[in-house]
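S.K.:
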Ligand SMILES: Nc1ncnc2c1ncn2[C@@H]1O[C@H](COP(=O)(O)OP(=O)(O)OP(=O)(O)O)[C@@H](O)[C@H]1O
Ligand SMILES: Nc1ncnc2c1ncn2[C@@H]1O[C@H](COP(=O)(O)OP(=O)(O)OP(=O)(O)O)[C@@H](O)[C@H]1O
Ligand SMILES: [Mg+2]
Ligand SMILES: [Mg+2]
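Residue numbers (our numbering), protein chains in the order written: chain A, 1 to 310; chain B, 311 to 819; chain C, 820 to 1142; chain D, 1143 to 1465.
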């Protein structure tokens, strides 16, 4: 069988669930998977790619620390004739040389959550808490949520934008402080569900459960729990499980020539609120799910998202 | 008689102790015994093995072989706790104390008085510390941070700590090295008392007069071997010296060669420093050796610090060096002007223990072994070898790290740095502290040779013999002022001591 | 009767001790704290509400516990960079046990025990090797991070409501439980340092290890005890943080090591050991908590916070002089 | 803190010195290296190919440059935790300039210059304050991380192809340019330490600062020079990494500080200073590079890597004895 290198940017759960899904899918397909981690260090990530090539893998499936720092990796992969497929992140300058890129539209991802909450909060104050700054995605998430709020026709004003490094405790602290500073806050957006958990704890501690709406992203299991408990209004899911299985299939397709390389694919997303919480796409993929995702028709290439002209 | 008479009980017996370091034999098959109530002197050249022997007896270091019998028990090796339990107390050559703990806490460290539930009883500790210090006739503030005391006082604390342990055996490794005469005399009285009370005392020193004066018996070590045990009452200094050195040296103290001193080289004009120096005016001529002394706090060390550029705070008055104004803002400025300061605290402030002998010697004059800014390691090795010869360093191994040297050899190496930097004015604190008789003479000869070569030497010393033997002029400082100036010609230690202790206004006879 | 030699010759030694003696070191910190309080209070009236102040205490509680333990280590001339990773491991152990048994007591004991054991083992490595604790614990830190990932399988461990209700939500007289635990930790360390031989030995070993050894102090055993004690504190912090976050996360302790050390040093305990106070550490912890709270209440933008925090830490340290 | 006297006195301390004296210290590291090489070579024949070995050198090149500079600091009893953040700042400056001007030379000079200036300023803080470098640079690290975020304006800076073609892709005789730069850095530090007064001053200041001062060494100025030099190395590393990553990222230097220090100490330079060699540092750097390469070639899973790495670092350090 073939050997695939799965690389993740760091220890975050998001990558872990993707890794688990790929693992079980690969088992079913009789493909061998070797996993690598970059510990959020782009230098290490490049090293991982080089080492995987040396090891002689047939393809590389990678959650990159930063796509824009992958040129060397891609060049090396290309030189060695090893297709490299990227999940999460997008950089037009490299698309042509990749086996493919699967990504959500960062610039609109938070919008539906913003619109949903905007409808429930026609006026008042809201705040956003985003992840680790400097990679572009954290910034884009917060902005897209604000765009959604505006689009919903809500008059609510954004009173605070903080960064919490995707970290639960930092989000908990930041949220409690925002709540203190703005007692009649109506809503908080957390750029991923890990931070949403922290925010929801802050809301509980402030005794404002229900009074302050919470919107999240990712559709992570613990995010879904919040929705079930009625503590979060909506989360926009981009399950790493299904995305990784699709990406694996696409990569294998590129390897055996059945799939055209260098295409962009829209990553599967799913708005989740209490209405459809029952049939949420699980991060923690059951064998049945994986079977399904292996049977599903392959995603087709599409036009990559264009950043809003500032 | 050089053996213990049958009646006396042994306090400690050592049999066949041997110890080597990096191939060098520090101690070779030493047998040694001390009776209760005996004061036993231990003498030998620098590097003879005295401190190593003391450390082995106290349990600070294990011997390679041999056994130690104390308190009826035989040990292959002791650790500090066992040594203490066996009733052995020690004052190390380099007192190991805690600068950030109080005097009392230092004295009782490891044996703190406790209340119920093992809670510290600092009240009792301070009370007992006061009593102890009083008993020893020391007036030290028990609550003061030890780091704020000077080396002499710290030495006293170390002694107090040892006495506190109420041991049967007290090991004193050069306890008077940092003490002035008065403090030393006091210590001797203390030692005699303790001996009377039945304590066995081993006393290591290079001051042979002291040793002869206080010891019942004296053991002489040479190159790690025991060469003799003599009776302290009957033997004399010359025979002792010849046994220590291994050949006869003329016992004549004074090597003074008449040097023609040149014109004024270094001039202090009415120099004062807040709370330290008052209106000091002094002229040192080229080729002259001036000795500074006085009671602790008298200002001798302060004056040295000012000359060396260590301390220019709140300084007033004028200084001139070689005819030009001299006002060093930093030590570097002073060194640049050819003024080299050698501190008393050689381990703490003098040597770089992690560097070799050669690198310590060249440190203050790297330029002279550099070509176009690049160091010539070959040249460095050569000059270091030559300097080791001149100073009779033991072992002769320029690449050996200085921390492996014995105390005296370390001091020689430090002097070597200043000599190699070939200064014009040498400012030394206690230049031969802890140095053996022969080396002391060698160092004195070196200083005279430097002076002979036209350099000026100013040294601070509390060693009366040294002052008389080395200085052309002796300046006695008191309360930051020059109290009087003495010529060593015909001066004897007793008169000098009197001069140091009584203000010039009072009459000296 | 101090000789000039002792004073003039060692200016670098003398002044700071003098400063310490007057406790001015601690005052400077106090002044910095009050300054921040004043500025924030003016900028945002809600800052000085009991609610917010309790919030700050709640937010620093786990850091305070870890820093209290670290204080003993630093005074004793030690250091433990692995506390963050150890906290994660202890927290995950706590979470796994509470999920399995639902027992708060059992899980708390497990978390504390795990911390204690990790600390003791670290202590043995440090006490029996010549390598500095900095580098040894840098190695164990990496190792423990790996262990945390393996324990959690890389994803959060949920179902810890029992702990959450106690430490996340629970309070007594409006004061959250974690705050009590932190204060308890501070007081405990204060008493140990001030009134027990063990505490005295910490100062002795940190000040001059060889001298301590020659004074017959069982240096190794004592060091191991310090690291074990520190580990216990870390374990307790892990238990509490699991409750606060209502989950065990492999990354829950990330960054605690540097924040804790910073707090201790800002609190006036020099890294070279030999002196220090846990009260100062509390001040350092509060400073860190205050700064982030005040930045958020004053609405300092996300992009600026790290820069501002860095400036304030540096300033606080430099004011601290002999750190 | 052990006094020099201690070394002479404590028996347990004696053997290692002996070991050092014989240089066995470096041999143990060599043995560890060879062991890893052997195991990996058996596990994967591709390991010993010239291509892979060059890869390893390429992968450690920036770390090697940073570690070379850090070696001088550690020998001089200093330390700089801000090198990672400084690397990011220098890298971002490089990227901004190359994007604006397209000139490799100009951008490289800018990056190196920024590093130099940051280093010099750090040095002034360290040399004129009593606080330990560890804690001062912990503060500046946080500050510089903030600066990096502000410089990047929140997203990677692209369009650095000119540098990419040189450092990311370019080689000479099949050896990538960054490798030459690293070797150059190592050689430079070697020569400085062994054959210049400045290098000798590093050992003297690290071994006994007061003795250095009394020998007329301009302690403060020299310290500042060391930090500036270190900063220059960090700046150069920033330039090269910008090329390798073909972009400036505020996170590009993440973790370099601890990895660099680990490499230096594994290489036999104790944190207390006074001794050490840059050749040893090269060994430490290679060890870190080898371990990760070997784990990857042997297919050690992502979840196990941190634990294994931690074990090996700890082992290497303990073998190193006097760290
Ligand atoms: N830790 C050590 N490592 C290597 N050599 C050592 C060590 N300690 C002592 N030595 C060597 O052992 C010999 C004896 O040293 P020791 O300190 O006992 O001499 P000493 O008689 O006390 O000299 P001094 O009168 O100068 O104090 C010297 O040659 C010294 O260099
Ligand atoms: N008299 C003094 N009082 C207080 N501190 C001093 C004194 N002399 C030197 N120092 C301190 O000792 C250290 C070394 O000072 P030194 O006078 O040797 O300057 P330096 O080493 O020549 O440095 P530079 O030449 O860069 O000023 C500095 O921290 C300085 O503040
Ligand atoms: Mg001796
Ligand atoms: Mg004196």
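Where is the CB? At the ideal position from N, CA and C, for every residue including glycine. Bear in mind the structure is a predicted one, so any value in this text is a computation, not a measurement.
Measuring alpha carbon to alpha carbon, tell me which of 1371(D), 1360(D), 1324(D), 1282(D) ends up nearest residue 1255(D).
M.R.: The residue given as residue 1255(D) occupies position 113 in the fourth chain. Per the Cα distances, 1371(D).
S.K.: Is any heavy atom in ligand 1 found nearer than 6 angstroms to the beta carbon of residue 1033(C)?
M.R.: Residue 1033(C) sits at position 214 when you count from the first residue of the third chain. No.
S.K.: Please list, in chain order, the residues of the region 969–984 of chain C that have any C-beta partner in chain A closer than 9 angstroms.
M.R.: Here the close residues are 971, 972, 973, 974, 975, 977, 983.
S.K.: Quick one: does the C-beta of residue 50(A) sit closer than 6 angstroms to a heavy atom of ligand 3?
M.R.: Start at 1 with the first residue of the first chain, and residue 50(A) comes out as number 50. Not under cutoff, so the answer is no.
S.K.: Identify, in the order they occur along the chain, each residue of the same chain with its Cβ nearer than 6 angstroms to the Cβ of residue 737(B), setting aside the five sequence neighbours on each side.
M.R.: Locating residue 737(B) in the second chain gives position 427, counting from the first residue. Result list for residue 737(B): 614, 617, 618, 651, 768, in chain order.
S.K.: Would you list, in sequence order, the uninterrupted alpha helix (DSSP H) runs of no fewer than 4 residues that lie entirely inside the region 1306–1380 of chain D?
M.R.: With a minimum length of 4 residues, the continuous alpha helix (DSSP H) runs that stay inside the region 1306–1380 of chain D are 1319–1337, 1339–1349, 1351–1356.
S.K.: Please state whether DSSP places residue 408(B) in a helix, a strand or coil.
M.R.: Residue numbering aside, residue 408(B) sits at position 98 when the second chain is read from its first letter. Coil.
S.K.: Closer than 8 angstroms, Cβ to any Cβ of chain A: which residues of the region 1106–1128 of chain C, in chain order?
M.R.: Result list: 1111, 1112, 1115, 1116, 1118, 1120, 1121, 1122, 1124.
S.K.: Along the alpha helix (DSSP H) that carries residue 1102(C), what are the first and last residues, could you check?
M.R.: Counting from one through the third chain, the residue named residue 1102(C) turns up at place 283. First-last of the alpha helix (DSSP H) with residue 1102(C): 1097–1116.
S.K.: Of the residues 1455(D), 1441(D), 1200(D), which one's Cα is nearest the Cα of residue 1310(D)?
M.R.: Here residue 1310(D) refers to the residue found at position 168 of the fourth chain. Selected option, being the one with the closest Cα: 1200(D).
S.K.: So is the beta-carbon of residue 360(B) under 6 angstroms away from any non-hydrogen atom of ligand 1?
M.R.: Locating residue 360(B) in the second chain gives position 50, where the first residue counts as 1. Correct: residue 360(B) has its Cβ closer than 6 angstroms to ligand 1.
S.K.: Please classify residue 293(A): is it buried, with 16 or more other beta-carbons within 10 angstroms of its beta-carbon, or exposed?
M.R.: Counting from 1 along the first chain, the entry for residue 293(A) is found at position 293. Result: buried.
S.K.: Residues of chain D with CB closer than 8 angstroms to the CB of residue 19(A), please, in chain order.
M.R.: The residue you call residue 19(A) lines up with position 19 of the first chain. What residue 19(A) touches in chain D: 1444.
S.K.: Whose Cβ in chain D lies nearer than 7 angstroms to the Cβ of residue 71(A)?
M.R.: In the first chain, residue 71(A) corresponds to position 71, counting from 1. Under the 7 angstroms cutoff, chain D gives 1306, 1310, 1388.
S.K.: I want to know whether the region 439–447 of chain B touches the region 411–431 of chain B - three or more CB-CB distances under 8 angstroms.
M.R.: Yes, since at least three Cβ pairs between the region 439–447 of chain B and the region 411–431 of chain B fall closer than 8 angstroms, the two stretches touch.
S.K.: Give me, in chain order, the residues of the same chain whose beta-carbon lies closer than 6 angstroms to that of residue 197(A); leave out the 5 immediate sequence neighbours on both sides.
M.R.: Counting from 1 along the first chain, the entry for residue 197(A) is found at position 197. So the qualifying residues of the chain are 168, 222.
S.K.: Distance check for residue 636(B) and residue 579(B), CA to CA, integer angstroms please.
M.R.: One-based indexing of the second chain puts residue 579(B) at position 269. One-based indexing of the second chain puts residue 636(B) at position 326. One C-alpha to the other measures close to 11 angstroms.
S.K.: Nearest CA to the CA of residue 277(A): which residue from 227(A), 262(A), 246(A)?
M.R.: By one-based count along the first chain, residue 277(A) stands at place 277. The candidate whose alpha carbon is nearest that of residue 277(A) is 227(A).
S.K.: For residue 770(B) versus residue 610(B), is the C-beta distance shorter than 7 angstroms?
M.R.: Against the second chain, residue 770(B) aligns to sequence position 460. Against the second chain, residue 610(B) aligns to sequence position 300. Yes; because the gap between Cβ atoms is below 7 angstroms, this pair is in contact.
S.K.: Does the separation of the CB atoms of residue 338(B) and residue 369(B) fall below 7 angstroms?
M.R.: Translated into the one-based positions of the second chain, residue 338(B) becomes position 28. Translated into the one-based positions of the second chain, residue 369(B) becomes position 59. Contact: no.
S.K.: Using the Cα positions of residue 897(C) and residue 1025(C), report the straight-line distance between them to the nearest angstrom.
M.R.: Taking the third chain and counting its residues from 1, one reaches residue 897(C) at position 78. Taking the third chain and counting its residues from 1, one reaches residue 1025(C) at position 206. Taking the straight line from one Cα to the other gives about 7 angstroms.
S.K.: Determine, for residue 46(A), whether the minimum Cβ-Cβ distance to residues of chain C falls below 7 angstroms.
M.R.: Start at 1 with the first residue of the first chain, and residue 46(A) comes out as number 46. Judged by the 7 angstroms Cβ criterion, residue 46(A) is not in contact with chain C.
S.K.: Taking just the CA atoms, how far does residue 528(B) sit from residue 541(B)?
M.R.: Here residue 541(B) is taken as the residue at index 231 of the second chain, counted from 1. Here residue 528(B) is taken as the residue at index 218 of the second chain, counted from 1. Approximately 6 angstroms between the Cα atoms of the pair.
S.K.: Just to check my reading of the structure: residue 178(A) and residue 185(A) have Cβ atoms closer than 8 angstroms, yes? What is that Cβ distance to the nearest angstrom?
M.R.: Within the first chain, numbered from 1, the residue matching residue 178(A) stands at position 178. Within the first chain, numbered from 1, the residue matching residue 185(A) stands at position 185. Going by Cβ atoms, the distance from residue 178(A) to residue 185(A) rounds to 7 angstroms, so yes, they are a contact pair.
S.K.: Report the neighbours of residue 1392(D) on chain A: residues whose CB is nearer than 7 angstroms to its CB, in chain order.
M.R.: Against the fourth chain, residue 1392(D) aligns to sequence position 250. The contacting residues are 134.
S.K.: So does residue 716(B) have its beta carbon nearer than 6 angstroms to some heavy atom of ligand 1?
M.R.: The count along the second chain starts at 1 and reaches residue 716(B) at position 406. Residue 716(B) Cβ: within cutoff of ligand 1.
S.K.: Can you list, in chain order, the residues of its chain whose CB lies under 8 angstroms from that of residue 115(A), leaving out five sequence neighbours each side?
M.R.: Residue 115(A) sits at position 115 when you count from the first residue of the first chain. Here the set comprises 148, 149, 151, 152.
S.K.: Identify every run of the beta strand (DSSP E) within the region 158–194 of chain A, keeping only runs that are complete inside it and at least 3 residues long; order them along the chain.
M.R.: The qualifying runs are 185–190.
S.K.: Using beta-carbon positions only, say whether residue 80(A) and residue 53(A) come within less than 7 angstroms of one another.
M.R.: Counting from one through the first chain, the residue named residue 80(A) turns up at place 80. Counting from one through the first chain, the residue named residue 53(A) turns up at place 53. Against a cut-off of 7 angstroms, the Cβ pair of residue 53(A) and residue 80(A) comes out as a contact.
S.K.: For residue 870(C), which residues in chain A fall below 9 angstroms Cβ to Cβ?
M.R.: In the third chain, counting from the first residue as 1, residue 870(C) sits at position 51. Chain A residues near residue 870(C): 180, 206.
S.K.: Which residues in the same chain as residue 291(A) place their Cβ atom closer than 8 angstroms to its Cβ, once the five residues preceding and following it in sequence are excluded?
M.R.: By one-based count along the first chain, residue 291(A) stands at place 291. Here the set comprises 28.
S.K.: At least one CB of chain A closer than 7 angstroms to the CB of residue 1201(D): is that the case?
M.R.: What you label residue 1201(D) is simply residue 59 of the fourth chain in a count that begins at 1. Output row for residue 1201(D): interface = yes.
S.K.: What's the call for residue 232(A), buried or exposed, on a 16-neighbour Cβ count within 10 Å?
M.R.: For the purposes of this step, residue 232(A) is taken as residue 232 along the first chain, with counting starting at 1. Buried is the call here.
S.K.: CA-CA distance, residue 1212(D) and residue 694(B)?
M.R.: Here residue 1212(D) corresponds to residue number 70 of the fourth chain, with the count starting at 1. Here residue 694(B) corresponds to residue number 384 of the second chain, with the count starting at 1. The straight-line gap from Cα to Cα measures roughly 31 angstroms.
S.K.: Which residues in the same chain as residue 1125(C) place their Cβ atom closer than 6 angstroms to its Cβ, once the five residues preceding and following it in sequence are excluded?
M.R.: One-based indexing of the third chain puts residue 1125(C) at position 306. So no residue of the chain qualifies.
S.K.: Tell whether a beta-carbon distance below 7 angstroms holds between residue 51(A) and residue 1438(D).
M.R.: For the purposes of this step, residue 51(A) is taken as residue 51 along the first chain, with counting starting at 1. For the purposes of this step, residue 1438(D) is taken as residue 296 along the fourth chain, with counting starting at 1. Yes; because the gap between Cβ atoms is below 7 angstroms, this pair is in contact.
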